[in-house]
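Q: Next up is a structure, given as structure tokens.
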């Protein structure tokens with residue numbers, strides 16, 4: 003076993019172990035990493051008597067091919083397995099490709115092999131079983147039980163159970179794959195979704211126990227996936243990006259067509275499951291979308307040790323050593339991956355295609371807090387009244403929720419805005435399926451309170467700046483919103499051409515047309531903040547830097563885009579206002595260390611000035627971070643939520659909890675900071691720290707009764 007993997011297993015499987023300054027931070031709450039100050043003991047402020055949050059819940063992953071999870075969902079996958087969560091991966095296609103199980107060079111090269119699609123599908127299954135066994139037991143040869151289970155419409159799927167860890171399941175629907183990433187594929191998930199074919203044929207693997215061939219209609223695929231969700235009742239559902247967009251130069255999808263349409267089938271199935279099975283017979287669930295092939299064009303998001311461990315699992319999947327440990331004539335893994343276990347620059351990153359921003363926790367009327375997240379395809383709202391900082395009790399100061407706003411199709415992620423009178427608005431994208439395949443689209447919507455602390459109104463659709471779905475794949479970023487001094491909203495989004503668009507509310511309350519604000523090569527979600535002079539700032543990452551748009555004066559149109567001269571980031575940005583300007587937080591590529599720079603608006607429409615970059619240091623990780631006061635929070639390299647105080651030597655404190663999406667934080671009126679995350683259990687978890695944080699602990703916002 004390579005050293006990097008052994009180190010990883012120690013850091014993750016043994017959460018009570020304190021690792022030295024060169025290793026990973028231990029997962030135990032209260033333990034600290036390099037640069038730590040002496041332990042000052044547990045937090046004694048509000049909330050300290052509550053049970054500390056730990057990783058809980060269950061996960062179902064819905065994938066097009068074997069290896070999509072290893073390339074695009076790891077290390078989240080391995081962290082979940084090692085935390086002991088019940089986890090099921092559902093593979094829609096057999097991944098048979100051209101049937102040639104051969105390495106083409108790089109780390110391995112084979113002589114030309116004959117085409118054998120049943121054998122290659124079996125080899126890929128063997129590779130996935132080996133990789134999962136190694137991730138969770140350390141032994142790739144750990145045994146599995148393979149059986150057949152019924153699916154909707156009279157079909158079958160293969161179910162594999164890892165005997166040493168029977169909460170780990172693999173399900174194989176074994177449909178035919180497109181056999182082309184972007185080319186015309188008349189027999190494919192794409193063609194089935196769009197109604198080009200009435201049913202999709204199977205592609206069975208050589209030794210599958212689900213050996214009764216069955217073609218699936220579109221509705222049957224949706225029902226088969228929904229049936230798996232009903233069987234396992236997850237609290238977290240993972241899938242790839244259903245709207246990845248196209249490259250402007252070639253017009254090709256930025257991801258494999260099977261990835262895109264498998265995610266759309268998964269969306270439809272999750273909606274059907276949520277509608278059919280009431281809460282009480284199932285838990286609430288969140289959805290996490292992951293970026294696929296487009297990772298290969300972006301800077302590496304993972305630190306070298308985490309990336310190497312991930313790549314080692316891909317080497318296992320790829321059967322790089324060619325030892326016949328599985329005793330299968332088809333082979334013990336996918337030799338195409340053996341030659342290139344990083345793919346096309348994919349394995350060194352993990353990115354969320356949705357819910358990777360830190361603006362979903364907001365203060366409303368004095369003393370009131372609101373948190374938002376998409377659960378069951380609806381927007382969930384948690385509220386806390388004045389005088390409460392914990393989840394205990396039932397009075398107005400206790401956290402309440404979640405209450406689900408009416409309306410379905412809400413995508414993962416939420417952003418917020420506060421009106422001058424204390425009202426709150428929440429923004430999201432919504433997936434609309436429509437009656438016809440071509441009606442599929444994502445659009446921006448918002449809901450606002452009619453009065454401070456009042457109920458939220460109906461969703462207001464703002465549409466999309468994009469052309470029809472087939473041209474754009476409905477690719478838009480999460481919206482970012484700002485409110486002017488008159489209480490009028492402006493909503494910003496990145497469109498499918500990777501430029502910035504805006505739609506502004508008029509004094510009548512209606513919204514004008516989508517405006518073009520320029521920029522190019524925009525990535526991720528735009529972020530907004532207002533500086534101490536009342537000027538609005540907007541920032542968007544690109545592949546190589548960050549672009550800025552800034553008002554020359556309060557209320558003036560945004561000027562820009564301005565180049566900031568900042569180096570490349572891992573994409574997610576967080577912006578916070580400071581007396582001297584707006585401070586940006588982002589991560590360093592190939593490291594994950596948090597970096598920060600202060601942007602100060604220029605005079606009039608002049609270019610802004612940007613400070614030198616400083617680093618929080620001492621810790622790697624991935625994903626967006628949240629900042630409030632002197633507390634910085636984000637995902638550690640072990641996947642758990644981690645916090646540190648700003649302004650001194652880094653002393654990161656890590657919880658025991660894996661979570662979905664990104665943290666969000668706010669500074670309350672008394673100077674305390676409240677930071678929130680959505681756990682893999684689909685529950686809201688919080689930490690509240692004093693103005694000088696010492697040792698924050700996490701707990702559920704609403705305690706179980």
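Numbering (our numbering), first residue to last: 3 to 707. Beta carbons are placed, not taken as given, at the ideal position from N, Cα and C, and that holds for glycine.
Looking at the secondary structure, which residues open and close the beta strand (DSSP E) in which residue 1 lies?
A: What the structure shows of the chain is the stretch from 3 to 707, and residue 1 is not part of that stretch, so it cannot be assessed.
Q: Throw me the rounded Cβ distance for the residue 495 and residue 503 pair, which I believe falls under 8 Å.
A: Counted from its first residue, the chain shown places residue 495 at position 493. Counted from its first residue, the chain shown places residue 503 at position 501. So it is a contact: roughly 6 Å between Cβ atoms.
Q: From the DSSP output, in three-state form, read off residue 146 for me.
A: As a working note, residue 146 is residue 144 in the chain shown. Strand at residue 146.
Q: DSSP three-state call for residue 42: helix, strand or coil?
A: What you label residue 42 is simply residue 40 of the chain shown in a count that begins at 1. Low per-residue confidence applies at residue 42: pLDDT is 33, beneath 50, and the placement is therefore not dependable enough to give any value.
Q: Assuming residue 192 is part of the alpha helix (DSSP H), what are its boundary residues?
A: One-based indexing of the chain shown puts residue 192 at position 190. It spans 191 to 195 - the alpha helix (DSSP H) in which residue 192 sits, taken as one unbroken run.
Q: How far does the alpha helix (DSSP H) with residue 278 in it reach, from first residue to last?
A: Your numbering for residue 278 matches position 276 in the chain shown. Start and end: 259 to 278.
Q: From residue 99 to residue 184, what distance separates their C-alpha atoms?
A: For this step, residue 99 is matched to residue 97 along the chain shown. For this step, residue 184 is matched to residue 182 along the chain shown. Approximately 13 Å, taken between the alpha carbons.
Q: Give me the residue from 150, 235 and 475 with the minimum Cα distance to residue 206.
A: Here the question's residue 206 lines up with position 204 in the chain shown. Answer by Cα proximity: 150.
Q: Using alpha carbons as the reference points, say which of 329, 347 and 324 lies closest to residue 336.
A: Mapped onto the chain shown, residue 336 falls at position 334. The shortest Cα separation from residue 336 among 329, 347 and 324 belongs to 324.
Q: Taking the alpha-carbon positions, what's the residue 349 to residue 160 distance?
A: Numbered from its first residue, the chain shown carries residue 349 at position 347. Numbered from its first residue, the chain shown carries residue 160 at position 158. If you take the alpha carbons of residue 349 and residue 160, they lie about 27 Å apart.
Q: Check this for me: beta carbons of residue 91 and residue 191, under 8 Å apart or not?
A: For the purposes of this step, residue 91 is identified with residue 89 of the chain shown, where counting begins at 1. For the purposes of this step, residue 191 is identified with residue 189 of the chain shown, where counting begins at 1. Taking 8 Å as the Cβ cut-off, residue 91 and residue 191 do not qualify as a contacting pair.
Q: Taking the runs of the beta strand (DSSP E) that are 3 residues or longer, which of them lie wholly in the segment 571 to 647?
A: Counting whole runs of 3 or more residues, the segment 571 to 647 contains the beta strand (DSSP E) stretches 576 to 580, 583 to 589, 596 to 602, 628 to 630, 633 to 637 and 642 to 647.
Q: Between the segment 509 to 528 and the segment 451 to 460, do three or more beta carbon pairs fall short of 8 Å?
A: These segments do not touch.
Q: In chain order, what residues of the same chain lie with their CB nearer than 6 Å to the CB of residue 82, ignoring the 5 residues before and after it?
A: The residue labelled residue 82 in the question sits at position 80 within the chain shown. Taken in chain order, the residues that qualify are 61 and 89.
Q: For residue 117, report the span of its beta strand (DSSP E) as first-last.
A: Counting from 1 along the chain shown, the entry for residue 117 is found at position 115. That residue, residue 117, is in no beta strand (DSSP E); it is neither H nor E in DSSP.
Q: Do you know whose CA, among 274, 249 and 291, lies nearest residue 261's CA?
A: Here residue 261 refers to the residue found at position 259 of the chain shown. When only C-alpha atoms are compared, the closest one is 291.
Q: Need the endpoints of the beta strand (DSSP E) that residue 162 sits in, please.
A: The count along the chain shown starts at 1 and reaches residue 162 at position 160. That run of the beta strand (DSSP E) goes 158 to 164.
Q: Under 8 Å: do the segment 404 to 412 and the segment 152 to 171 share three or more Cβ pairs, one atom per stretch?
A: No, because fewer than three Cβ pairs between the segment 404 to 412 and the segment 152 to 171 fall closer than 8 Å, the two stretches do not touch.
Q: Spatial neighbours of residue 121 within its chain, please: CB distance less than 6 Å, with the 5 preceding and 5 following residues excluded, ordered by chain position.
A: Taking the first residue of the chain shown as position 1, residue 121 is located at position 119. Hits under 6 Å: 208 and 332.
Q: Run the CB neighbour count on residue 368, radius 10 Å, all protein chains shown included, and call it buried at 16 or more, exposed below.
A: Walking along the chain shown from the start, residue 368 turns up at place 366. Burial call: exposed.
Q: Output the distance between the C-alpha atoms of residue 699 and residue 630, rounded to the nearest integer angstrom.
A: For the purposes of this step, residue 699 is taken as the residue at position 697 of the chain shown. For the purposes of this step, residue 630 is taken as the residue at position 628 of the chain shown. Residue 699 and residue 630: Cα-Cα distance of roughly 16 Å.
Q: Can you tell me which of 388, 378, 354 and 357 puts its alpha carbon nearest to the alpha carbon of residue 366?
A: Residue mapping note: residue 366 aligns to position 364 of the chain shown, counting from 1. Closest by alpha carbon: 388.
Q: When the Cα of residue 240 is compared with those of 201, 267 and 613, which residue comes out closest?
A: By one-based count along the chain shown, residue 240 stands at place 238. Nearest option by C-alpha distance: 267.
Q: If we ignore side chains and look at the alpha-carbon of each, how far apart do residue 38 and residue 654 end up?
A: Along the chain shown, read from residue 1 onward, the residue named residue 38 stands at position 36. Along the chain shown, read from residue 1 onward, the residue named residue 654 stands at position 652. Only weak support is given to the placement of residue 38: the predicted model assigns it a pLDDT of 34, under 50, and the question is left unresolved by the model.
Q: Counting only the same chain and skipping the five closest in sequence on each side, list residues whose C-beta sits under 7 Å from that of residue 254.
A: Here residue 254 refers to the residue found at position 252 when the chain shown is read from its first residue. So the list reads 184 and 248, once near-sequence residues are dropped.
Q: Do you know how far the Cα of residue 322 is from the Cα of residue 131?
A: Locating residue 131 in the chain shown gives position 129, where the first residue counts as 1. Locating residue 322 in the chain shown gives position 320, where the first residue counts as 1. Their backbone Cα atoms lie some 15 Å apart in a straight line.
Q: Should the segment 583 to 596 be regarded as contacting the segment 555 to 562, the criterion being three or more beta carbon pairs within less than 8 Å?
A: Touching, no.
Q: Any contact of the segment 474 to 483 with the segment 507 to 518, i.e. 3+ C-beta pairs under 8 Å?
A: Flag = no, the segment 474 to 483 and the segment 507 to 518 do not touch.
Q: Using 8 Å as the Cβ pair cut-off and three pairs as the minimum, do the segment 112 to 121 and the segment 278 to 288 touch?
A: Taking 8 Å as the limit for Cβ pairs, the verdict is that the segment 278 to 288 does not touch the segment 112 to 121.
Q: May I have the straight-line CA-CA distance separating residue 400 from residue 595, to the nearest angstrom?
A: Taking the first residue of the chain shown as 1, we reach residue 400 at position 398. Taking the first residue of the chain shown as 1, we reach residue 595 at position 593. One C-alpha to the other measures close to 35 Å.
Q: Tell me which same chain residues have a C-beta within less than 6 Å of the C-beta of residue 476, skipping the five on either side of it?
A: The residue labelled residue 476 in the question sits at position 474 within the chain shown. Contacts found: 245, 443 and 444.
Q: For residue 567, count the other beta carbons within 10 Å of its own beta carbon; 16 or more makes it buried, fewer makes it exposed. Which is it?
A: Start at 1 with the first residue of the chain shown, and residue 567 comes out as number 565. Answer is exposed; the Cβ neighbour count stays below 16.
Q: Counting C-beta neighbours from all protein chains within 10 Å, is the total for residue 540 16 or more, i.e. buried, or is it exposed?
A: If you number the chain shown from 1, residue 540 lands on position 538. That one is buried.
Q: Using the Cβ count rule (16 or more neighbours within 10 Å means buried), how would you classify residue 288?
A: Position 286 of the chain shown, counted from the first residue, corresponds to residue 288. Answer is buried; the Cβ neighbour count reaches 16.
Q: Based on the DSSP secondary-structure assignment, which residues constitute the bridge partners of residue 542?
A: To locate residue 542, count along the chain shown from 1; it is residue 540. Bridge partners of residue 542: 549.
Q: Which residue wins for smallest C-alpha separation from residue 620, given the options 604, 612, 607 and 639?
A: The residue given as residue 620 occupies position 618 in the chain shown. Of the listed residues, the one whose Cα sits closest to residue 620 is 639.
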